[in-house]
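In my numbering, the protein residues as written are 5 to 345. Glycine residues also receive a C-beta, built at the ideal position from the N, C-alpha and C atoms. Down below is the structure, laid out as structure tokens.
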Amino acid sequence: MVHAQSALEADAAETALSTADLTQMYRTMRLITSTGEHAVGEVKAGRLKSAFYPVRGLEGACAAMGVAMLTEDQLVSNYRSLGDALAKGASLRSIVAEIYGRADGTSKGKGGAMHIHDQSVGFVTSTGVVGSGIPIAAGLGLAAQLDGAARAVVSVFGDGTTSIGAYHESMNLASLWNLPMVFVCQNNQWAEHTPIAEYAASTDLAARAEAYAMPSLAVDGFDPIATAQQLRTALGRARNGGGPTFVEIKTYRLTGHSGSSDYSYMPTDELAAATERDPAPTFRRWLLDEGVLDEQALAEVDKEVIAEVEDAFAFAQDSPQPAASERYTDVFADEKVVSAL
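Next comes the structure, spelled out in structure tokens:
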């Protein structure tokens, strides 16, 4: 039997994080937080009409994935995809333009915040329907296997998705066919407004992989270093023909479900305890305490991030609305259908 583990066996040299890796992780966390805060502010001000789902609490998990994955690795995310997209290296300008529904967006303004992609860096897509991205990722895993390509495919989803049939079907086939995949469950403890204990008979999500004879582990998402190391091991296993791994990243959502919702239903003690471990500031303190970076270096990163975010939002706001003539472009494969409309 395959049981959930606290860690995967790994070569320390292969999972070691360099100063450059740690700096990148901090920068990614700050970029995710700052972009999300700007977007939520725009939603509340009525200037941003698209649905937007903040990733507060997931910054460390996303940043860890960013340094663990290679450029050639592919990632499929869900509607809460801002952090995953930025961690994989997607264009911030194009992402923000898409959130605003502008022509310079990743989907030419037609997808909004739930449908981001950047094929140039391996961020294949994000999907709006819960669980729908997992079989897409499984298909990419099969394609990589058939091509004989040394790349891994990552499927990212939330804890609520583990109740969806497509999740179980994809896990089963991935294990049966030994696909080069890593299933990453970002367990933020909430499925919209419902806590995990109220919709899951077993809250040990990593243990479920046992049913599919798949190695699995649970890792603390507020410990980005351990998360990155375990993800590197799982990804290396996938690339080397070892098959799929299930990784449950345990974290906590620090906001309401969407950019326009409150969080009065969330227990104040739980939220306060999780906020004490807010990924970016906690990691910043660790970098200082361990002497990895000094205050000047961190301040420079902060300054660069603020400038990049301000530039991206200015770019998006100046981007044109999609032209009416483009309304069916990239919608129908058969141009005859378009001409008939």
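Put Ala337 into one of helix, strand or coil per three-state DSSP.
In the sequence shown, counting from the first residue as 1, residue 337 sits at position 333. Three-state DSSP puts Ala337 in coil, outside helix and strand.
With distances taken from CA atoms, which of Leu183, Leu180 and Ile138 is nearest Thr165?
If you number the sequence shown from 1, residue 165 lands on position 161. Thr165 has its Cα closest to that of Ile138, out of Leu183, Leu180 and Ile138.
CA-CA distance, Leu26 and Pro58?
The residue given as residue 26 occupies position 22 in the sequence shown. The residue given as residue 58 occupies position 54 in the sequence shown. Approximately 23 Å between the Cα atoms of the pair.
Mind pulling the alpha helix (DSSP H) runs of 4 or more residues that sit fully within the segment 243-322?
272-279, 283-293 and 299-322
DSSP state of Met185, grouped into three classes?
Within the sequence shown, residue 185 is the residue found at index 181, counting from 1. Note: Met185 maps to strand in three-state DSSP.
Between Ala91 and Gly64, what straight-line distance do the alpha-carbon atoms span, to the nearest angstrom?
Locating residue 91 in the sequence shown gives position 87, where the first residue counts as 1. Locating residue 64 in the sequence shown gives position 60, where the first residue counts as 1. Their backbone Cα atoms lie some 10 Å apart in a straight line.
Determine the contact status of Pro184 and Arg243, defining contact as a CB-CB distance below 8 Å.
Mapped onto the sequence shown, residue 184 falls at position 180. Mapped onto the sequence shown, residue 243 falls at position 239. Yes.
Grouping DSSP H, G and I as helix and E and B as strand, with all else coil, what is Pro324?
Walking along the sequence shown from the start, residue 324 turns up at place 320. Coil, per DSSP.
8 Å contact criterion, which Ser95 and Ser130 should meet: CB distance rounded:
Your numbering for residue 95 matches position 91 in the sequence shown. Your numbering for residue 130 matches position 126 in the sequence shown. The Cβ separation is near 14 Å, so there is no contact.
Proximal residues to Ala316 (C-beta, below 6 Å), its chain only, five neighbours per side dropped
Within the sequence shown, the letter at position 312 stands for residue 316. Cβ neighbours of Ala316 beyond the five flanking positions: Leu96, Arg97 and Val100.
For Trp194 and Met175, what's the separation of their Cα atoms in angstroms?
Translated into positions along the sequence shown, residue 194 becomes position 190. Translated into positions along the sequence shown, residue 175 becomes position 171. Approximately 22 Å between the Cα atoms of the pair.
Which listed residue (Pro199, Ile140, Glu294 and Ala204) has its alpha carbon closest to that of Glu173:
Position 169 of the sequence shown holds residue 173. For Glu173, the nearest C-alpha among the options comes from Ile140.
For Ile229 versus Leu35, is the C-beta spacing smaller than 8 Å?
The residue given as residue 229 occupies position 225 in the sequence shown. The residue given as residue 35 occupies position 31 in the sequence shown. Not in contact: Ile229 and Leu35 (Cβ atoms no closer than 8 Å).
Starting from the N-terminal side, write out each stretch of the beta strand (DSSP E) that is 3 residues or longer and does not extend beyond the segment 16-95.
78-81
Out of Glu252, Gly263 and Ala205, which has the shortest C-alpha to C-alpha gap to Asp224?
Along the sequence shown, one-based indexing puts residue 224 at 220. When only C-alpha atoms are compared, the closest one is Glu252.
8 Å Cβ shell around Glu299 - same chain, five flanking residues per side excluded:
For this step, residue 299 is matched to residue 295 along the sequence shown. Contacts found: Leu292.
Ignore the nearest five residues each way along the sequence and tell me which others in Pro199's own chain have a CB closer than 7 Å to its CB.
Indexing the sequence shown from 1 puts residue 199 at position 195. Once the five neighbours on either side are set aside, the close Cβ partners of Pro199 are Gln193.
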